[in-house]
Amino acid sequence: MCYAIPGQVVALCGRIATVEYFGERRKAYNEFPSLRVGDFVYAQGGFVIKVVPPEEAQEILATWKETFFELQEVDLRLARLEVEREGVERRILRMLDKALEERSLSKEELLALLGLQSPKEQELLYKVANFLRRKYHGNATCVHGILEISNFCSRNCAYCGLSTHNGALLRYRMSDEEVLEAVREAVEVYGFQALVLQSGEDPGRSVRELAELVREIKKRHAVLIFVSFGEVGLEGLEALYEAGARGILLRFETSNAELYEKLHPGYRLSHRLTHLERALELGYLVATGGLIGLPGQKLSDILEDILLTRALSAEMYSFGPFLPHPATPLAFSAPPSPSLVLNTLAVARLVDPKNAKILITTAFETLDPQARRMGLLSGASSLMLNVTPLKFRPYYTLYPGRAHEGETIREQVEQTLHLLRSLGRAPMDLGV
Ligand code: SAM
Numbered sequence: 549m550c551y552a553i554p555g556q557v558v559a560l561c562g563r564i565a566t567v568e569y570f571g572e573r574r575k576a577y578n579e580f581p582s583l584r585v586g587d588f589v590y591a592q593g594g595f596v597i598k599v600v601p602p603e604e605a606q607e608i609l610a611t612w613k614e615t616f617f618e619l620q621e622v623d624l625r626l627a628r629l630e631v632e633r634e635g636v637e638r639r640i641l642r643m644l645d646k647a648l649e650e651r652s653l654s655k656e657e658l659l660a661l662l663g664l665q666s667p668k669e670q671e672l673l674y675k676v677a678n679f680l681r682r683k684y685h686g687n688a689t690c691v692h693g694i695l696e697i698s699n700f701c702s703r704n705c706a707y708c709g710l711s712t713h714n715g716a717l718l719r720y721r722m723s724d725e726e727v728l729e730a731v732r733e734a735v736e737v738y739g740f741q742a743l744v745l746q747s748g749e750d751p752g753r754s755v756r757e758l759a760e761l762v763r764e765i766k767k768r769h770a771v772l773i774f775v776s777f778g779e780v781g782l783e784g785l786e787a788l789y790e791a792g793a794r795g796i797l798l799r800f801e802t803s804n805a806e807l808y809e810k811l812h813p814g815y816r817l818s819h820r821l822t823h824l825e826r827a828l829e830l831g832y833l834v835a836t837g838g839l840i841g842l843p844g845q846k847l848s849d850i851l852e853d854i855l856l857t858r859a860l861s862a863e864m865y866s867f868g869p870f871l872p873h874p875a876t877p878l879a880f881s882a883p884p885s886p887s888l889v890l891n892t893l894a895v896a897r898l899v900d901p902k903n904a905k906i907l908i909t910t911a912f913e914t915l916d917p918q919a920r921r922m923g924l925l926s927g928a929s930s931l932m933l934n935v936t937p938l939k940f941r942p943y944y945t946l947y948p949g950r951a952h953e954g955e956t957i958r959e960q961v962e963q964t965l966h967l968l969r970s971l972g973r974a975p976m977d978l979g980v
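Heads up: the sequence shown begins at 549 in this note's numbering, then just goes up one per residue.
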């Protein structure tokens, strides 16, 4: 299984390598002192992560070449803007034309698009978002793996099934050996090039121990590591970066400070934002975003969440629906409609057409089994597959009935490749 294609370095300027893939050029940050022009490399998320021997690279490129151009054609056909404009309000048409012309939209306009309810207008919004996704990102689709290494958590988030509210939950903490074996399987057997390590805020494993684990993974494998352990402290962020982590997945959850404090009693939004800002300064790729449909959240809050994600220079937008968990204070609150989630993904694409990798979350897939297909056709460009050993998955219960919970990695990979092929997408990350 291949989640990246090798590219050839065509220029080096300080730490920045220009890498060419079948005629397309991208920039990637290089940390290999011996890298030379002409070398073949794998890049992920804008980092060169591995130098590949030329024979191996040429063999992989030969198998990809035909498929690559075939996929591009399918994508091009699906991303055409041939849609019925009749029945769409003039002012909505004007806004979408503006988005296509790369003129920025006002908050009022973005809010109107976020709140669209007529299926015809929504269809046009999604088509425009998909057109912009293809224009700036081609058919490259990031497929990362996520490994949930512990479900212990000391926080009291009002929506989360791992929180202290859920006293009955059976807790697990994977041992270092179990984590290393799961990483080995994901990287060596299934070809993942980027992995997110996630857990609750687990007092049973210190940041120093987490950093040692990351260091050991980086010693054994050329893989891009995202950490997602919550608020590890600013020194913790440094230690994890120094150990080799290069990405962080940390949602701010909501940009509305009042709502944040209501849902996380005793905690502050500003503290979380300080982490995100520091992570960016340190050089992490930042994946962040918010929950859609939280009780008490307004449409304008969701728009502010999208704008904050852009302001934080996020590499990846992680926006998913709130789903009620029965053992939390929000047990009886309703989840949002799938179309509000799609509107959010599409508006995020309009707000940040060139940079955003936009994730389709498992929560969205749990809300609607068509989420992946619909999301990929509405501006999204990124997926995460669960590489946690099957025996632990039933206990990582953020919300009930998580999609893919019982599926092996192989099954998920096969389904994903099948879907991506049908949409003309290539499962790879070409960097930036
Ligand atoms: N401790 C880390 C952190 O705070 O980012 C990572 C683990 S946390 C459980 C991962 C994400 O799960 C959170 O950012 C939150 O948005 C999401 N989540 C938790 N409960 C959820 C729910 N009921 N519905 C949807 N998403 C939920």
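Idealized CB from N, CA, C, for every residue including glycine.
All values derive from a computational prediction rather than experimental measurement.
Cα-Cα separation, residue i to residue j
i	j	result
N578	P886	40 Å
L878	L924	30 Å
Q866	T857	According to the sequence provided, residue 866 is Ser. The question's Gln does not apply to it. Those two C-alpha atoms are separated by around 9 Å.
N891	E725	42 Å
L728	E637	55 Å
A862	A896	11 Å
F870	P602	47 Å
I597	A882	42 Å
K683	A677	10 Å
F679	E630	11 Å
T689	A730	23 Å
A859	S754	31 Å
V780	V899	30 Å
A951	A793	27 Å
P554	D750	37 Å
Q813	R703	The question names Gln, but residue 813 is Pro in the sequence shown. Near 9 Å, if we compare the C-alpha coordinates of R703 and P813.
I697	A759	14 Å
P901	I854	12 Å
Y738	K646	42 Å
S818	G778	14 Å
G686	Q620	8 Å
R920	Q670	17 Å
L717	I608	45 Å
L662	V585	45 Å
V961	N934	10 Å
L946	A610	43 Å
D916	T909	11 Å
W612	H713	49 Å
M549	T936	Confidence at M549 is low in this model, with a pLDDT of 32, below 50, so the placement of that residue should be treated as unreliable; the coordinate-derived value is given next. Their backbone Cα atoms lie some 18 Å apart in a straight line.
Other residues of its chain near residue i: CB distance less than 6 Å, five sequence neighbours each side excluded
i	result
G635	K668
L811	A706
A791	A759, V762, R763
S981	One cannot answer for residue 981 here, as it falls past the ends of the chain, which runs 549 to 980.
R719	N699, F700
Q556	E568, F588
E632	none
8 Å Cβ shell around residue i - same chain, five flanking residues per side excluded
i	result
A660	R639, I640, M643
E657	M643, K646
Residue i CB to nearest heavy atom of the ligand GTP below 7 Å
i	result
A911	This structure lacks the ligand GTP; the ligands present are the ligand SAM.
Beta-carbon proximity of residue i to residue j, cut-off 8 Å
i	j	result
L842	T876	no
L583	A565	yes
H873	C708	yes
A591	V558	no
V600	F588	yes
L907	G593	no
S776	L745	yes
G844	L893	no
A911	G868	yes
G748	F700	yes
L938	T914	no
I773	L743	yes
L785	L830	yes
E953	P942	yes
M722	F580	no
Sequence-distant residues of its chain with Cβ nearer than 7 Å to residue i (five each side left out)
i	result
L965	P975
A1038	Residue 1038 lies beyond the residue range present for the chain, which begins at 549 and ends at 980; the question has no answer from this structure.
Query raised in the report: Would you call the stretch 617 to 637 and the stretch 964 to 978 touching, i.e. three or more CB-CB distances under 8 Å?
Result: yes
Report task. Pair every Cβ in the stretch 753 to 768 with every Cβ in the stretch 801 to 809, then say whether three or more of these pairs are closer than 8 Å. Result -> no
Query raised in the report: Does the stretch 642 to 659 come within contact of the stretch 830 to 845, defined as at least 3 CB pairs closer than 8 Å?
Result: no
Query - At least 3 beta-carbon pairs within less than 8 Å: the stretch 691 to 701 vs the stretch 734 to 752 - result: yes
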